[in-house]
Ligand SMILES: Cc1cc2nc3c(=O)[nH]c(=O)nc-3n(C[C@H](O)[C@H](O)[C@H](O)COP(=O)(O)OP(=O)(O)OC[C@H]3O[C@@H](n4cnc5c(N)ncnc54)[C@H](O)[C@@H]3O)c2cc1C
């Protein structure tokens, strides 16, 4: 089933054109080819024939060329760095459409963790770092990873991180143990979150964090393994940094700005992630309806005639609409410069949970096919579940929501739900 995208009356012409052009590529180029593009990942065979891999690669290249011709490449980057130069809201609205097909974002030049690293490099990188790391990352000739989480410290509390970088002359010397460094095998460089203290910084004794670029192959960098995820091999790597030495100029931004850079990565990113989830929910919803309208059970009646199933339609509709409206409300607040913290945490908790419910119902309707590799639902289900832990676990965000809301009441004000 093709995605039904029409102009949204409340959006301006430019956003509507971007959404329609994106939907055209998703519908005409990507959906009909999903089996070839990604199918080989789910057929369970341990060795995929080379010609199948080559065909998938060639197809991806062709679609990427088409995306570039349509000027839809890298929506997250400014034009001077090879991107579309979209505003925050334009990017959010585009994500909703391109995420209808899982994996499609990579065909539009947005691949995590590269995309997050690109944004950090744009904001904190020097012109030399732009040339050396950002340019090849955007052109697709380099890969990267973001190495923050540690096995022995809670990722939900970044102040607990113990990986340490110490200045020795003109070099940083890094020691630490990380895991879940996504894309770890393919990465040409790693952005490593390190505890540092700058001797010249009067607040240095607070031991702030700094992000430091470590190129692949630097002595002392050891990939221990790809940590298996959801029962499958993965490239979310466990890495030891053992006296890893890199030049001082490999640090991103000023010493001590690492925590802020991580926050920058997450703030707007959470809106983009939620819009991605909404695009995926849209797909799961369409798939569920397709099956309800075609599957006959107990004689001649279609599933759509069963009230249990009708309940699924109504519940999923409400989940998607509420997730979308909450996310747009949050994005509008951010765009207007209002304090969005309660809304960012709210969508971070609500949207993955709604996504989880919507995919769960679609899987139920599809029966055995729902959990098979023939449909994108099983992958979406795992993705939705993972989102509840990644980017800050739900509980931490709920604590923040309650704290900020209560603070306002303690200050003698109540909450204004109109704003
Ligand atoms: C597929 C995947 C990819 C990832 N990719 C990357 C990556 O590229 N780079 C990277 O650095 N990291 C990555 N991560 C790691 C991710 O960011 C962390 O898993 C996340 O930050 C949570 O940290 P943790 O796993 O240490 O859990 P913990 O911090 O140990 O938290 C575990 C649980 O404790 C509970 N909890 C925590 N704090 C509180 C509290 N204050 N009150 C009540 N309950 C609480 C929550 O239920 C939470 O889920 C990835 C993770 C996954 C699953």
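Numbering (our numbering), first residue to last: 254 to 672.
Glycine included, every Cβ here is placed at the ideal spot set by N, Cα and C.
Listed in chain order, the alpha helix (DSSP H) elements of length 4 or more contained wholly in the segment 306–376 are 341–351, 357–360. In the three-state scheme derived from DSSP, where H, G and I count as helix and E and B as strand, residue 549 is classed as strand.
Taking C-beta separations shorter than 7 angstroms and ignoring five residues to either side along the sequence, the partners of residue 651 in its chain run 602, following chain order. The C-beta distance from residue 260 to residue 273 rounds to 7 angstroms, short enough to fall under 8 angstroms. For residue 398, the enclosing beta strand (DSSP E) covers residues 397–400. Annotation for residue 401 indicates a beta carbon within 6 angstroms of some heavy atom of ligand 1. Distances taken from the Cβ of residue 491 to the heavy atoms of ligand 1 include none shorter than 6 angstroms. Contact between residue 576 and residue 607 holds, with the beta-carbon distance rounding to 4 angstroms and staying under 8 angstroms. Following the DSSP letters along the chain, one finds residue 495 in no alpha helix (DSSP H) but inside the beta strand (DSSP E) bounded by residues 490–500. Short of 7 angstroms from the beta carbon of residue 657, and not among the five residues preceding or following it, lie these beta carbons of its own chain, in chain order: 594, 595. Remark: fewer than three beta-carbon pairs, one from each stretch, lie closer than 8 angstroms, so the segment 628–635 and the segment 550–564 are not flagged as touching.
Between the segment 333–345 and the segment 275–291, the count of C-beta pairs closer than 8 angstroms stays below three; the two stretches do not touch.
Between ligand 1 and the CB of residue 477, the shortest heavy atom gap is not smaller than 6 angstroms. Counting the other CB atoms within 10 Å of its CB gives residue 328 a total of 16 or more, which places it among the buried residues. Pairing residue 404 with residue 528, the inter-Cα distance amounts to about 30 angstroms. Taking 8 angstroms as the upper bound for CB-CB distance, residue 254 and residue 543 are in contact here, some 5 angstroms apart. When DSSP states are grouped into helix, strand and coil, residue 430 belongs to the strand group.
Annotation for residue 515 indicates a beta carbon at 6 angstroms or more from all heavy atoms of ligand 1.
Residue 461 counts as buried, since at least 16 other C-beta atoms from the protein chains shown sit within 10 angstroms of its C-beta.
Rounded to the nearest whole angstrom, the C-alpha separation of residue 479 and residue 645 is 22 angstroms. Where residue 417 is concerned, there is no enclosing alpha helix (DSSP H), although the beta strand (DSSP E) around it starts and stops at 417–421. DSSP places residue 653 in the uninterrupted alpha helix (DSSP H) bounded by 647–663.
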